[in-house]
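All letters in the sequence shown, in the order written, are residues 234 to 352 by the working numbering.
The structure under discussion appears below in the form of structure tokens.
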Amino acid sequence: MRELICISCPMGCHLKVEGDTLENIVVTGNGCIRGVIYAKNEITAPKRMVCGTVKIEGATQPVVSVKTKEPIPKEKIFDCLEQFNQTTIFAPVNVGDVAISNVCGTGVDVVVTKGLAKK
Ligand code: SF4
């Protein structure tokens, strides 16, 4: 049995999870169906949002904050951060601009979270 805390809403239900495949997972302690979905994803294919910075040229500061637009597979997090380190974008940028397309082959884009003007 595994215990998880559902992070799908601020209630933070304490989930108890039996089983390890989509077919045999049984979840208790959930306040709603989203807890079951969260637990099944977490057990079979955990994903995370990744936040960080990339270098930016031509702006008033050397780096700009970015995040993945959607969660990516947990095992790709370090490769994703490495790609952040190797990326340079150019000012001006607006919130939501794509800084990295299809990061690490995940099909997920990395977007800018802070707009920066040209200096
Ligand atoms: S199980 Fe439902 S109510 Fe509980 S934390 Fe998850 S989303 Fe919120």
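Where is the CB? At the ideal position from N, CA and C, for every residue including glycine.
Checklist entry - Cβ of Lys288 within 8 angstroms of Cβ of Pro295? => result yes
Item to check | Contact set for Val259: own chain, Cβ-Cβ below 7 angstroms, skip 5 residues either direction | outcome: Glu251 and Gly252
Item to check | Straight-line gap, Lys352 to Pro325 (C-alpha atoms, nearest Å) | outcome: 9 angstroms
Checklist entry - Per DSSP, what kind of secondary structure is Thr339 in: helix, strand or coil? => result coil
Next on the checklist: Which residues end up in the neighbourhood of ligand 1 when you take C-beta atoms closer than 5 angstroms to any of its heavy atoms?
Outcome noted: Cys239, Ser241, Cys242, Met244, Cys246, Asn263, Gly264, Cys265, Arg267 and Gly268
Checklist entry - Curious, which full-length beta strand (DSSP E) runs of at least 3 residues does the segment 266-351 contain? => result 284-290, 296-301, 321-323, 331-333 and 343-345
Next on the checklist: Given this structure, state the Cα-to-Cα distance separating Pro304 from Phe311, to the nearest angstrom.
Outcome noted: 14 angstroms
Checklist entry - Candidates Gly348, Thr277 and Met282: which alpha carbon is nearest Leu314's? => result Met282
Checklist entry - Do Lys300 and Val344 have their CB atoms nearer than 8 angstroms? => result yes
Next on the checklist: By the three-class DSSP mapping on this structure, what secondary structure does Glu256 have?
Outcome noted: coil
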